[in-house]
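Chemist: Got a structure here, written out as structure tokens. Questions coming.
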Amino acid sequence: MKKITALVLTVVLLPLALTAGGSKEKTTLVMGTNAAFPPFEYIGGATGNEVVGFDVEIAKAIAAKAGKTLKIEDMEFDSLLTALQASKIDMAIAGMTITAKRKESVDFSDPYYEATQAVILKAENTAIRNLDDLKGKKISVQLGTTGNEISKKYTKDEAIVAFNTGFEAVMELKKNRVDCVIIDEQPAQNFVKKNPDLKVVKMNFDPEFYGIAVKKGNPALLSIINATLAELKSSGRYDALVTEYIK
Ligand code: GLN
10 MKKITALVLT VVLLPLALTA GGSKEKTTLV MGTNAAFPPF EYIGGATGNE
60 VVGFDVEIAK AIAAKAGKTL KIEDMEFDSL LTALQASKID MAIAGMTITA
110 KRKESVDFSD PYYEATQAVI LKAENTAIRN LDDLKGKKIS VQLGTTGNEI
160 SKKYTKDEAI VAFNTGFEAV MELKKNRVDC VIIDEQPAQN FVKKNPDLKV
210 VKMNFDPEFY GIAVKKGNPA LLSIINATLA ELKSSGRYDA LVTEYIK
């Protein structure tokens, strides 16, 4: 009887122990994102409640190269860096701009997309045409983003309303509670496509580069990520994804 129990324990529990074991044997690769940032990550897909988008395709390629199963954790954008540091996620792929400040707490991959900020206005608003016109305006943004930082250059903190998602920032404008939204250009275009009462105005903002963030001191994962990005570009798959999701 004892022998049987021991055998059962070995057969049943050993594989469990191996797969659920320490981080080295982990079979999943966890992507953290904020799925309210189309076309990079948004809720959609066949079932209508999957996290899909340009960044998700990149994450799938990274997981395939690492030989792991991709798992996606949808969370607030502002929580991603803390989640990385606490090892709750392995990589943050969220249209995240590489900045000096973020580099103090996490490591970034090679840049994978060049972006810029843009301004969303009510379609009838002709008073805001350039960066100077943003001075002193009421601006809504997504909390913790580069758009949030940039808005501070133009207006007082009290005139900035920060939301957890870009979608909520856009809703604030639709309700006429702010003069404009400052957000990355591609999501801006995407939101405006669905809202004919809004328009996008491109201004002279600096270029930004999106990177994939990992916990500091994880060179193995970082090199898999960079190798995947290089392969996606050289194989033409990257351009195909740009055409499918962005252009
Ligand atoms: N690119 C911007 C940033 O890094 C916005 C990213 C986002 O909202 N997902 O702050």
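Residues are numbered in my numbering as their position in the sequence shown, beginning at 1, plus a constant of 9. Ideal Cβ placement from N, Cα and C applies to all residues, glycine included.
(1) In terms of residues, what are the limits of the alpha helix (DSSP H) holding G175?
(2) So, does the stretch 169 to 177 touch the stretch 98 to 115, judging by three or more C-beta pairs under 8 Å?
(3) Could you tell me how far apart the beta carbons of E194 and T125 are, in whole angstroms, since I believe they sit closer than 8 Å?
(4) Residues in the same chain with beta-carbon distance under 8 Å from A168, minus the five sequence neighbours each way, listed in chain order, please.
(5) If you pair each beta-carbon of the stretch 134 to 142 with each one of the stretch 114 to 123, do three or more pairs fall below 8 Å?
(6) By the DSSP assignment, the alpha helix (DSSP H) with T155 in it spans what residues?
(7) Mind checking whether the beta-carbon of T56 lies closer than 7 Å to any heavy atom of the ligand GLN?
(8) Which of helix, strand or coil does DSSP assign to K224?
(9) In this structure, what does DSSP give as the bridge partners for E123?
(10) How about V39 and E82: do their beta carbons lie closer than 8 Å?
(11) So, do the stretch 233 to 252 and the stretch 69 to 79 have three or more beta carbon pairs nearer to each other than 8 Å?
(12) Below 8 Å on the Cβ atoms is my contact criterion, and I expect F86 with L152 to pass it. Report the Cβ-Cβ distance as a whole number of Å.
(13) Any chance the stretch 246 to 255 sits against the stretch 183 to 190, with 3 or more Cβ pairs inside 8 Å?
(14) Which residue from G226, G220, T91 and S88 puts its Cα closest to that of I67?
(15) Please report how far the alpha carbon of G62 lies from the alpha carbon of T164, in whole angstroms.
(16) By alpha-carbon positions, which one of T155, P196, K224 and T78 ends up nearest to S118?
(17) Under the criterion of a Cβ to heavy atom distance below 7 Å, does A103 qualify as lining the ligand GLN?
(18) What residue range does the beta strand (DSSP E) around E133 cover?
(19) Quick one, are the C-beta atoms of L60 and A127 less than 8 Å apart?
(20) Can you tell me which of the three DSSP states F172 falls into?
(21) Report all residues from its chain with a CB closer than 8 Å to the CB of I159; omit the five preceding and five following residues, and keep chain order.
(22) Which residue wins for smallest C-alpha separation from L89, given the options N235, L182, K208 and A222?
(23) Quick one: is the Cβ of V46 within less than 7 Å of any heavy atom of the ligand GLN?
Modeler: The short version:
(1) G175 to K183
(2) no
(3) 5 Å
(4) G145, K146, K147 and I148
(5) no
(6) T155 to Y163
(7) no
(8) strand
(9) F218
(10) yes
(11) yes
(12) 7 Å
(13) no
(14) G220
(15) 33 Å
(16) K224
(17) yes
(18) Counting along the chain, E133 falls outside any beta strand (DSSP E), and DSSP gives it neither H nor E.
(19) Strictly speaking, residue 60 in this sequence is Val, with Leu absent from that position. It is not a contact, given that the beta carbons lie outside the stated cut-off.
(20) strand
(21) Q126, I191 and F214
(22) A222
(23) Here residue 46 is Phe; the residue named in the question, Val, does not match the sequence. Flag set: Cβ of F46 near the ligand GLN.
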